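Right, one structure below, let's go through it.
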Amino acid sequence: MFHHSGALGHLLAPHDYTSHESFEREQRLLFADHWHFAGVLDDLPRAGSQVAREVAGRPVLLRREGAEIGAFENVCAHRHCLIVPPGRGHAQTLRCQYHGWEYGPDGRVCHIPDAPSFGSLRMDGLGLRKLPVTTLGGLVFVRSGQPGEGLRETLGPLTGEIERYYGDHRCVWRWTTEHDVNWKVIAENAVESYHVPAAHRRTFREFRPPELHDHTLDKRYTRYHDLKPWGSRPSELFLRAFRAALLPQPDGERFKQTHVFPNHLFYYGDAFSIFIALEPLGPARTRHVLLGFVPRRLRSPLLRPLQDLFAAAFVFGVRGVFREDMRLWGSIQRGLAASSHRGVLSAREERVHAFQRFVRDALAQER
Numbered sequence: 579m580f581h582h583s584g585a586l587g588h589l590l591a592p593h594d595y596t597s598h599e600s601f602e603r604e605q606r607l608l609f610a611d612h613w614h615f616a617g618v619l620d621d622l623p624r625a626g627s628q629v630a631r632e633v634a635g636r637p638v639l640l641r642r643e644g645a646e647i648g649a650f651e652n653v654c655a656h657r658h659c660l661i662v663p664p665g666r667g668h669a670q671t672l673r674c675q676y677h678g679w680e681y682g683p684d685g686r687v688c689h690i691p692d693a694p695s696f697g698s699l700r701m702d703g704l705g706l707r708k709l710p711v712t713t714l715g716g717l718v719f720v721r722s723g724q725p726g727e728g729l730r731e732t733l734g735p736l737t738g739e740i741e742r743y744y745g746d747h748r749c750v751w752r753w754t755t756e757h758d759v760n761w762k763v764i765a766e767n768a769v770e771s772y773h774v775p776a777a778h779r780r781t782f783r784e785f786r787p788p789e790l791h792d793h794t795l796d797k798r799y800t801r802y803h804d805l806k807p808w809g810s811r812p813s814e815l816f817l818r819a820f821r822a823a824l825l826p827q828p829d830g831e832r833f834k835q836t837h838v839f840p841n842h843l844f845y846y847g848d849a850f851s852i853f854i855a856l857e858p859l860g861p862a863r864t865r866h867v868l869l870g871f872v873p874r875r876l877r878s879p880l881l882r883p884l885q886d887l888f889a890a891a892f893v894f895g896v897r898g899v900f901r902e903d904m905r906l907w908g909s910i911q912r913g914l915a916a917s918s919h920r921g922v923l924s925a926r927e928e929r930v931h932a933f934q935r936f937v938r939d940a941l942a943q944e945r
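Plus 578 on top of the position in the sequence shown (first one is 1) and you've got our numbering.
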């Protein structure tokens, strides 16, 4: 059931989605000390595995040493080159691609080619900048800015739920796209059902009654739990039977979707889970990172090909739903740039209202 019964105020103005000033304030107040998605554990299976990618506009390197995952700014202390190029790889030593400087597991310089040519160079301060790093299920996060609250403390009671649906899972789908749209447009689109009949005519098609929506509105996240009872349509009967045959302990529930403020979205059920990171690149530019996971534990290892077939079919359907949304994002952004209206929200958009309140309150700290 919805928490509200009527119209809600639109708490952000159009310029909050379009102006460089708003974007810069968000970077300072929402993202500067934020936990950012950096990679997946599947890409770091053994000692020497490493992943390099841009995280919040900064080159970041993840590297496994034994059982530990380390995170560093991927910039050599010698001549500023990226130590390793973007992507996944493996190397026995952490060695800069340009001049061969090598770094130990703690980021300290441990070898300089032709070291005598540097004379009596002091090594203090020449190490790599280490970043706080943590894992959550099969996901790896790094923190930018100053040390602060741990990710699990930030998530509170959500931690166990996310660990359940993303831990002991394997990543089977990756889809990264960039769009000319503000990141908040994508977040808001994801957490409201008011657009369903108009935008998803080929998939969801219609409004679901309010009593089948279980909404949680928290100061740090919102969640939707689908309460629709299982029906007798062939597709639903097949899905339930498939899950029962595949999984050791299917929970029988429909999916949940959680938006952890500001920019992480979790869609999860017992057979398939999706994680989305929205990475702001500019006032009207966003990287959309989508990962799909399936549980490793099956009733029998022989069922793995069947699980992969199910995952492929599921991904095909999910891509169709996301494409229906993606085709609208540019029109929304263009309208925001020209709008003279403040906007209004319905009860079906109460999760948008909660998210906007979070953003508004965070940005008000600097006013």
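From the three backbone atoms N, C-alpha and C, an ideal C-beta is built for every residue, glycine too.
The structure displayed is predicted, hence computed values, not measured ones.
- For W751, the enclosing beta strand (DSSP E) stretches over residues H747 to H757.
- For K806, the three-state secondary structure derived from DSSP is coil.
- Between V867 and A855, the CB-CB gap stays under 8 Å.
- Where W907 is concerned, the enclosing alpha helix (DSSP H) starts and stops at R882 to A916.
- If you ignore the 5 residues before and after R929, its C-beta comes within less than 8 Å of the C-beta of V769, E770, H793, L795, T800, Y802 and H837, all in its own chain and listed in chain order.
- Per DSSP, reduced to three states, the secondary structure at R811 is coil, with no helix or strand assignment.
- Just so you know, the alpha carbons of H668 and R624 end up roughly 9 Å apart.
- Separation of the CB atoms of V718 and I647 is rounded to 6 Å, and the pair is thereby assigned contact status at 8 Å.
- Counting other Cβ atoms within 10 Å of its Cβ, D594 reaches 16 or more and is therefore classed as buried.
- Bounds of the beta strand (DSSP E) holding H689 are V687 to H689.
- Between F650 and R798, the alpha-carbon positions lie close to 27 Å from each other.
- Take S924, set aside five residues on each side of it, and the residues of its chain with a beta-carbon closer than 7 Å to its own are A585 and Y772, in chain order.
- Minimum Cα-Cα distance from R877 among the listed residues F853, Q827, M904 and A915 corresponds to Q827.
- Counting along the chain, no alpha helix (DSSP H) covers D702, and no H or E run does either.
- For the pair W613 and V763, the CB atoms are not nearer than the 8 Å cut-off.
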